[in-house]
Amino acid sequence: MSMTVLVKVSYLVAATLFLLGLQRMASPRTARSGIHWAGAGMLIATAATFLLPGLHNLGLIAVALLLGTGLAWVSAKKVAITDMPQMVALYNGMGGGSAAAIGAVELLRFSDVAGRDTSHWSAEAIAALAARQPSATVLALAVIGSAIGAVSLSGSIIAWAKLDGRLDKRVTFPGQQAFNLLTAVAMVGLGAWAAVSLQPVAIISFFVVALALGVLMTLPIGGADMPVVISLYNAFTGLAVAFEGYVLGNEALIIAGMMVGAAGILLTRLMAKAMNRPISGVLFSNFGGGGQGAEISGSQKPIEAADVAAMMAFAERVVIVPGYGMAVAQAQHKIWELAQRLIERGVKVKFAIHPVAGRMPGHMNVLLAEAGVPYDLIADMDDINPEFATTDVSLVIGANDVVNPVAKTDPSSPIYGMPILDVVNSKNTIVIKRGKGTGFAGIENALFYADNTRMLYGDGAEAASALVSELKALDGGH
C-alpha cells in the first residue's frame, strides 16, 4: 500500500469517527464520549497528514502543533466552567483565523507564481509553471474561505471581549448598518480584485476589510444574542475550513469543515427560532431596541428565605429555572444542593432550560452538568411547559426575558412572539434576583408583578445557600 493510499484510508477512518462523534454529541448522556470519538478522528487525520509525500517544514509543523496543543491543554484545564462561553468564542476565532491564514498563504503563493518573469524561460519551464496556476474555482473558494474565516476571527474576538466584560456595552452609531453594508460590498469587491489580479496589495486590502467587517458586525450585538452569534461564527469557521480544504486538496479538512458548518448552521437556525427572530435580526438589529411595551401595574412582593424554604419543603412538585444570573453568581452547586435536599424530602424536582438561556449554546446544561445534576432531571422548553400548571413552586434564578409573559400577551413589547418558559402558570413562583433591574431587553417583567410571584432579593449563590440552611433547620439541622 502506497503512502498516498494509506493517507486517504486514514482520512476515511477519521471522517467516520467525526460522524460518530457528532451523532453522540446529540445527547447529553453520550456527548462526552462523542468528544472522545471526534478527538480520536482528529488525531488520526493529523498523524496521517505527516505521511503525505513531499511534505516540507516538518520541524516547524511539529513545533506549531506542540505549542498549540500545550496552550490549549493548559487553558482548558485552568478555565472556570462559568467562563466556558469565552473559551468557546476564542476557539471559534482560532479556527476561523487558521482558515484565513491558509487562504492568505495560498493566495500569496499564487501571486508569486503569477508574477514571475518568464520572458527568458524555456517552453518546458513555462508549461510547468502554467500547470501550477490555480483554477478559477480554487481562487474563488480561497477568497470566500478567507473572507468567512477572517470575519469569524475578528468577530469571535469581539464576542470574547463582550462575554469577558472587557467590552460590556453595545457600540452603535448613526448609519451603522449602512456603513456595515458598504464595508461588506468593499470586501466582496476587493476579494474579486484579489482573485483576478493576485496583486499583493489587493490581497492585503481584502483581508484588512474582512477583519474590519467582523468587528463592525459584532460590536452592536448584545449579550442576550451571544448564543446565536457564537453558534453562527462556529458555522462560519466550519465553512471556512471546508473551503480551504478544497484549495489544499485535503479531504479531511473538507469533511470536518462541512460537518461543523452544517451543524452550526442548523443550531443557529434553531436558536434564532427559539427567540422568534431571524438571523438577520440578530446581526442587523438590536434586541430590545424597539418600544418598551405596555406599562405594568402592581408592585414586586418580597419574601424571606425561611418562607421560601417552607413552601418548597412541603411542595409536591418544584421546577428550577436557571439563567445567566446563576452563571454570574456561580450558584449552580448550591442550587443542586438545594434540589438534593428537596428530593430527599420526596419532592419531585426538575430543571427547566430555555434554548437561549445564558451566553452560549447549552450554557445552562454545561453548568448543571458540572454541578452534577443528572440529565434526566433536566427538561427543555417544549417538554416542561405543559407541566408548569401542575407545579407547586417554580424557582427562577437569574432568568428574566425568557420567562416574561408579555412575550405572549403584549404585541407592543420588543420581545413579543419569543417562545418562553410558562413559569407564570405555576401555582407559586419565587424569583431570586439581585435587584429590581430589567433584563437584557430593557423591559419590565410582568412575571415579577404577578399575584403568585414573590421576590427573594440577593446574590444567587448567597440566596441558594440561605435556602439550603433553612431546609436544614426544617430537618432539625441535618
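Quick note: the sequence shown uses the working numbering, first residue 4, plus one each step.
Just so it is clear, CB atoms sit at the ideal spot from N, CA and C, and this is done for glycine as well.
Since we're looking at a predicted model, the values are computed, not measured.
Close Cβ partners of residue i (< 7 Å) along its chain, the five nearest in sequence each way excluded
i, result
"V427", "P408, L450, A453"
"P1", "Examination of residue 1 is not possible in this model, given that the chain is present from 4 through 481 alone."
"N279", "G420, M421, P422"
"M6", "L54, P56"
"V174", "L222, P223"
"R344", "V471, L474"
"A309", "E473"
"I268", "A238"
"G293", "With a pLDDT of only 49 at G293, under the threshold of 50, the placement of this residue in the model should not be trusted, and no figure is reported."
"D462", "A332, R437"
"A164", "L170"
"S36", "R27"
"I299", "E447, A449, Y452"
Pair within 8 Å by beta-carbon distance, residue i and residue j
i, j, result
"A153", "A334", "no"
"A245", "G260", "yes"
"A467", "K353", "no"
"N253", "L219", "no"
"A255", "A75", "no"
"I433", "V471", "no"
"R320", "T394", "yes"
"W339", "G301", "no"
"A145", "L201", "no"
"H96", "S159", "Looking at the sequence shown, residue 96 is not His but Gly. Contact: yes."
"G401", "P305", "no"
"N388", "L424", "yes"
"I206", "A197", "yes"
"L25", "A266", "yes"
"I38", "L370", "no"
"A482", "V350", "Because the chain in this structure spans residues 4 to 481, residue 482 falls outside the shown range and cannot be described."
Bridge partner(s) assigned by DSSP for residue i
i, result
"P325", "I400"
"I282", "Answer by DSSP bridge pairing: none, since I282 is not bridged."
"K353", "V322"
"N455", "Beta-bridge pairing links N455 to no other residue."
"L436", "Residue 436 is actually Lys in this sequence, not Leu. For K436, which the question treats as bridged, DSSP gives the partners Y460."
"P305", "M458"
"N431", "V396"
Cutoff 8 Å; reference residue i; Cβ partners in own chain excluding five residues on either side
i, result
"D167", "D86, Q89"
"V16", "G44, I47"
"H366", "M87, P88, P230, Y327, A330, A360"
"A50", "S13"
"I282", "V231, L235, T271, R272, A275"
"N1", "Examination of residue 1 is not possible in this model, given that the chain is present from 4 through 481 alone."
Same chain only: Cβ atoms within 6 Å of residue i, ignoring 5 sequence neighbours per side
i, result
"P137", "F113"
"L20", "W40, A43, G44"
"S208", "L193"
"L398", "I323, I433"
"K430", "D395"
"G98", "T240"
"V191", "none"
"A342", "V352"
"A355", "V322, V324, A382, I387, L424"
"G217", "V154, S157, G158"
"A312", "L470, E473, L474"
"V263", "G241"
Check: residue i C-beta below 7 Å from any heavy atom of the ligand NAD
i, result
"V82", "Inclusion of the ligand NAD in the displayed structure is not the case, the ligand content being empty and no account of it being possible."
Review point. Pairing CB atoms from the stretch 23-42 with CB atoms from the stretch 361-381, are three or more of them under 8 Å?
Key: The stretch 23-42 vs the stretch 361-381: in contact.
Point to revise | Inter-stretch contact at 8 Å, needing at least 3 Cβ pairs: the stretch 45-61 / the stretch 71-78 | key: A contact between stretches requires three or more CB pairs, one per stretch, nearer than 8 Å, and the stretch 45-61 fails this requirement with the stretch 71-78.
Review point. Curious, which full-length beta strand (DSSP E) runs of at least 3 residues does the stretch 225-267 contain?
Key: Counting only runs of 3 or more, we get nothing.
Review point. Can you find at least 3 beta carbon pairs, one from the stretch 203-212 and one from the stretch 244-258, that sit closer than 8 Å?
Key: The stretch 203-212 makes no contact with the stretch 244-258: fewer than 3 CB pairs, one atom from each, lie closer than 8 Å.
Review point. Residue ranges of each alpha helix (DSSP H) run of no fewer than 4 residues wholly in the stretch 358-395, ordered along the chain?
Key: Fully enclosed alpha helix (DSSP H) runs of 4 or longer: 366-374, 384-387.
Point to revise | alpha helix (DSSP H) segments (min. 4 residues) lying fully within the stretch 134-221 | key: List check, alpha helix (DSSP H) in window: 139-166, 179-200, 203-221.
Check your understanding: Is it true that the stretch 98-110 meets the stretch 145-159, where meeting means three or more beta-carbon pairs spaced less than 8 Å apart?
Key -> With the cut-off at 8 Å, the stretch 98-110 and the stretch 145-159 touch.
Practice item. Tell me the start and end of each unbroken beta strand (DSSP E) in the stretch 456-480 that is at least 3 residues and wholly inside, in chain order. Key: The stretch 456-480 contains these whole beta strand (DSSP E) runs: 456-460.
**Study point:** Contained beta strand (DSSP E) runs [length at least 3] in the stretch 69-119, N- to C-terminal order
**Key:** Entirely contained in the stretch 69-119, not one beta strand (DSSP E) run reaches 3 residues.
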